Amino acid sequence: MDQLKIIISGYDRYEGVEVNPSCEVPQAIAEQGVPALEGEDPLEGVDLDIRQVSLPVSFGQAWPILHQAVEEFQPRIIIATGLKRSARGIAMERCAVNLKDVGQAADSSEARPASQREPIDADGPAAYWTRLPLRAILHIFARDNIAATLSSDAGTYVCNAVFYNLLHWTANHPGVLAGFVSLPPVSQAGAGKAPGLPLDLQIEAGRDVVRESVRYYRSPSSGDMLLA
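Numbering (the working numbering), first residue to last: 23 to 250.
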């Protein structure tokens, strides 16, 4: 049986958020694993070793913590997650942009860039595309009745900075899959006019992302990708 290492990251806290899905979802998947499916199972013959990494909402600290974990653990798949407060479902992020803009808000370490709008990497490209199989993941979400959408980018705050730095790192590690998933607020009612999805549905969505990422890692296909 092949062993496959996976990191799932999230954030330790968001101000004003009682239940943080980007903490709860990675933790549940790392602790409980990803159950086998009846019939065709992309995890058949694979021993998953999943590690959760918790990050502070901080430009200066989030990526270094994730980077250290990646270098130590040497995963083949990295799924970063964050909270998108306005989302009504799972938002699959297509693109990380080379820009950070805190506006009027400081991050959790109270650190601000020298200017409010500046590149994440002055010598880096304008953007990177995700390396997760978005088309395949969205197809499985539809099968499982999980509300989801494509998102053009992860904003210009800490989530995007982590996403950009992660993809910048994977540019020199072509054998590693990586991407970013924005989770909605936790609600009990499910998708509708108000933002949010129940936590158990978000955990199942996270497991779907793992399954389809493993499937793609083992047998890449251009049909699984969806960027534009």
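Heads up, the beta-carbon is just placed ideally off N, CA and C, and yes, glycines get one too. Only a predicted model underlies this, so the values are computations on that prediction, with no experimental measurement involved.
Query: Beta-carbon gap between E115 and D166 smaller than 8 Å; Result: no
Query: Three-pair Cβ contact test at 8 Å for the segment 80-93 versus the segment 36-46; Result: no
Query: Cβ-based burial, R233 [other Cβ within 10 Å; buried from 16]; Result: buried
Query: Secondary structure of F185, DSSP reduced to three states; Result: helix
Query: Start and end residues, alpha helix (DSSP H) containing V79; Result: Taken as a continuous stretch (DSSP letters only), V79 belongs to no alpha helix (DSSP H), as it is neither H nor E.
Query: Residue burial classification, S241 (beta-carbon count within 10 angstroms, cutoff 16); Result: exposed
Query: Terminal residues of the beta strand (DSSP E) in which I99 lies; Result: 99-105
Query: Rounded separation between D123 and E62 - CA only; Result: 44 Å
Query: Cβ shell of Y239 (< 8 Å), same chain only, five flanking positions each side left out; Result: L26, R98, I99, L199
Query: Residue environment, N194, which counts as buried when at least 16 other CB atoms sit within 10 Å; Result: exposed
Query: Three-way DSSP call (helix, strand, coil) for V68 in this model; Result: strand
Query: Pairwise C-alpha distance: D143 and R229; Result: 32 Å
Query: Unbroken alpha helix (DSSP H) run spanning E234, endpoints; Result: 221-240
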